[in-house]
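Chains as they are written, first to last, in my numbering: chain A, 48 to 319; chain L, 32 to 401. Beta carbons: idealized from backbone N, C-alpha and C, even for Gly. Keep in mind it's a predicted model, so treat the numbers as computed, not measured. First up is the structure itself, then whatever we jot down about it.
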């Protein structure tokens, strides 16, 4: 086992343990302790993010390792915002999202040879990435991904648990799906547009039909389809709207993983 | 009427679904073939239908006109579509036929340092047209990230005529202090006697380098080497000047003394800084119209030059000698419509989904009970 005992590696491992502990604690309904562990996990992930930034000398969003590091830091703030502003149920699954986000990084730190795409080895920024749009473009997407992952949890809840009477202070699954998707979709749109603008500046074309670009368009279209359906039909097709949310997140996962990991999709974004 | 309403309900969803499916197919095809597919006649028809559908929205959907966010999103999508169509190859051909505008949609320019050019070529290098002005390349250069590891030792020639100043053409080889190494496939051998990672030169009374001494304040190294060819030897120092990227020891005394040695007095043993990956590429450009320089700009990746309806991007370069640059040239037709569409789409999305409905938790309730 080729473990690199770097500060970032240790912090990531600690964050994963804390997120996992938070999930278990929240499942057994020890809410205060669970939230406390979730918060410490967030602080640990944030410390890893800062340490990585210092180590590489640029905002750490260059490769898959850094992308997941950033996302690991976003889950708790998104969860708290959804709970307190959007009144969306925040359960143990938020901690599970955080835990799953950390897994690829742990693989990259522990098994860099088996999972070279998740490696934590730092690289300087290639010329195309040295843009003021780099941070906003990637950050918009990552924020959208985390928010829409939360919409996925609500959609799965609606599909497999069924609609329950609204608990005090939180809205129904149906409303929660809409609110989280509506919260995340503008960020998805912003990420897409910033990417197109940046592509124009770096490569000369705002749209290159690159596989990753096309998958990101597919994700955007699926969520757009959800809103069209929701707007036109209201709550008439709950299973169909939930399925669209699930499909949208699947497309996001393909954009994030498959377009990077598969040789099927060699393209301008292969470095990411 | 009910049937018409149903068609109106499902038509946008069908269009979005079809575009999504086509994009998935395009992702599997790869960028180049996907570009061909999306510009093929059947897909051109699809783009027109999509645009028509968006236009129809403004007449059919009353709710659209009441919602500023939705209106902006639809207008934005339409502007992006219209701008992209206007800026496409077909759009350029149409513009030439209809309004007589002669503009080349895209191409490349290969420009040697110190020369001007106005000919556009395709990806294979065949000429495809001319610009109404010249673009001159004053200088092309690359900056590199500092690389970790020892400095490189190699046999090289001092720049000849026509080669850029400071350019080193050398063949590097493995070396270790105290050990002898072969210099590539030549009969020369070199033994590194001393390597000082931080050093300053020791000069004689005439200012010639006769040695080096360690100096922690220096950032450049020095090396004492013994070069041998059969029974003849040359011992000397390679000292890299402070802030320099390489130092050189001439091999002329050794090679010149031998019968049949290559007549190349500028052959030298180089100690060169290892280069990391390229940090950026720069082309100093000047646009010349009617013999006068109308604009000068140093372009780099992410910072193109915009002039005369074209954008000029740093695309490629001479990898051997860095003596020429290759620019990607793109027509700006339709671009401002696309940019306006981007702004409308993003602002519309935030207004539509953030103003009011998504924030129902703060006290307001939307039409759909959210």
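Look at the alpha carbon of residue i and the alpha carbon of residue j, and state the distance between them as a whole number of angstroms.
| i | j | result |
| --- | --- | --- |
| residue 155 of chain A | residue 302 of chain A | 19 Å |
| residue 228 of chain L | residue 350 of chain L | 29 Å |
| residue 148 of chain L | residue 166 of chain L | 5 Å |
| residue 245 of chain A | residue 188 of chain A | 14 Å |
| residue 181 of chain A | residue 243 of chain A | 12 Å |
| residue 205 of chain L | residue 175 of chain L | 22 Å |
| residue 364 of chain L | residue 137 of chain L | 11 Å |
| residue 268 of chain A | residue 119 of chain L | 22 Å |
| residue 99 of chain L | residue 112 of chain L | 20 Å |
| residue 184 of chain A | residue 232 of chain A | 14 Å |
| residue 65 of chain L | residue 53 of chain L | 9 Å |
| residue 11 of chain L | residue 361 of chain L | No statement about residue 11 of chain L is possible, as the shown extent of chain L runs from 32 to 401 and does not include it. |
| residue 173 of chain A | residue 308 of chain L | 8 Å |
| residue 195 of chain L | residue 74 of chain L | Low confidence applies to residue 195 of chain L: its pLDDT is 48, below 50, so where it sits in the model is not reliable enough to give any reading. |
| residue 107 of chain A | residue 96 of chain A | 7 Å |
| residue 88 of chain A | residue 197 of chain A | 18 Å |
| residue 334 of chain L | residue 305 of chain A | 31 Å |
| residue 204 of chain A | residue 276 of chain A | 20 Å |
| residue 156 of chain L | residue 141 of chain L | 9 Å |
| residue 178 of chain A | residue 311 of chain L | 11 Å |
| residue 346 of chain L | residue 331 of chain L | 9 Å |
| residue 55 of chain A | residue 116 of chain A | 10 Å |
| residue 90 of chain L | residue 151 of chain L | 44 Å |
| residue 34 of chain L | residue 43 of chain L | 15 Å |
| residue 161 of chain L | residue 315 of chain L | 21 Å |
Going by beta-carbon coordinates alone, are residue i and residue j separated by less than 8 Å?
| i | j | result |
| --- | --- | --- |
| residue 195 of chain A | residue 229 of chain A | no |
| residue 58 of chain A | residue 98 of chain A | yes |
| residue 235 of chain A | residue 191 of chain A | yes |
| residue 166 of chain A | residue 112 of chain A | yes |
| residue 340 of chain L | residue 134 of chain L | yes |
| residue 202 of chain L | residue 187 of chain L | yes |
| residue 115 of chain L | residue 251 of chain A | no |
| residue 164 of chain A | residue 308 of chain A | yes |
| residue 125 of chain L | residue 109 of chain L | no |
| residue 302 of chain L | residue 254 of chain L | yes |
| residue 256 of chain L | residue 242 of chain L | no |
| residue 240 of chain L | residue 252 of chain L | no |
| residue 354 of chain L | residue 143 of chain L | yes |
Strictly below 7 Å CB to CB, what residues from chain A border residue i?
| i | result |
| --- | --- |
| residue 342 of chain L | 251 |
| residue 176 of chain L | 171 |
| residue 369 of chain L | 253 |
| residue 43 of chain L | 275 |
| residue 54 of chain L | 261, 264 and 265 |
| residue 40 of chain L | 279 |
| residue 66 of chain L | 256 |
Provide the residue(s) that pair with residue i in DSSP beta bridges, ordered along the chain.
| i | result |
| --- | --- |
| residue 277 of chain L | L:303 |
| residue 167 of chain A | None; residue 167 of chain A has no bridge partner. |
| residue 384 of chain L | Paired residue(s): none; residue 384 of chain L is not in a bridge. |
| residue 270 of chain L | L:253 |
| residue 223 of chain L | L:208 and L:256 |
| residue 144 of chain L | L:168 |
| residue 245 of chain L | L:230 |
| residue 342 of chain L | L:337 and L:361 |
| residue 320 of chain L | L:323 |
| residue 263 of chain L | L:260 |
| residue 152 of chain L | L:139 and L:158 |
Against residue i, what residues of chain A qualify as contacts under a CB-to-CB distance less than 9 Å, listed in chain order?
| i | result |
| --- | --- |
| residue 47 of chain L | 268, 269, 271, 272 and 275 |
| residue 209 of chain L | Simply none; closest approach about 32 Å. |
Determine the chain L residues that contact residue i at a beta-carbon separation under 9 Å, and present them in chain order.
| i | result |
| --- | --- |
| residue 201 of chain A | By Cβ distance, chain L contributes nothing, its closest Cβ being about 12 Å from residue 201 of chain A, past 9 Å. |
| residue 185 of chain A | Residues of chain L passing the Cβ test: none, with the nearest at roughly 15 Å. |
| residue 177 of chain A | 310, 311, 331, 332 and 333 |
Interface residues of chain L around residue i at Cβ under 7 Å?
| i | result |
| --- | --- |
| residue 236 of chain A | 376, 377 and 380 |
| residue 191 of chain A | Neighbours of residue 191 of chain A on chain L: none; closest Cβ ~11 Å, over 7 Å. |
| residue 257 of chain A | 62 |
| residue 262 of chain A | 58 |
| residue 244 of chain A | 373 |
So residue i contacts chain A; which residues on that side make the cut at Cβ distance below 8 Å?
| i | result |
| --- | --- |
| residue 385 of chain L | 229, 230 and 233 |
| residue 172 of chain L | Within 8 Å Cβ-Cβ: nothing; residue 172 of chain L doesn't reach chain A, min ~13 Å. |
Using 7 Å as the cut-off, classify the Cβ of residue i as near or not near the heavy atoms of the ligand ATP, replying yes or no.
| i | result |
| --- | --- |
| residue 136 of chain A | For the structure depicted, the ligand ATP is absent and the ligand set is empty, with no information on it obtainable. |
Since residue i meets chain L, which of its residues come closer than 8 Å, beta carbon to beta carbon?
| i | result |
| --- | --- |
| residue 240 of chain A | 373, 376 and 377 |
Check: Got a sec: which bits of the segment 135–166 of chain L sit with their beta carbon under 7 Å from any beta carbon on chain A, in order along the chain?
Finding: none
Note to self: Against chain L, which members of the segment 91–107 of chain A pass a CB distance test of less than 7 Å?
What the structure shows: none
Check: Using a Cβ cut-off of 8 Å, which residues of the segment 324–341 of chain L contact any Cβ in chain A, in chain order?
Finding: 331, 332, 333, 334 and 335
Next item on the list: Using a Cβ-Cβ cut-off of less than 7 Å, give me the residues of the segment 142–164 of chain A that come near chain L, in sequence order.
Entry: none
Margin query: Please list, in chain order, the residues of the segment 278–302 of chain A that have any C-beta partner in chain L closer than 9 Å.
Written below: So the list reads 278, 279, 280, 281, 282, 298 and 301, given in the order they occur along the chain.
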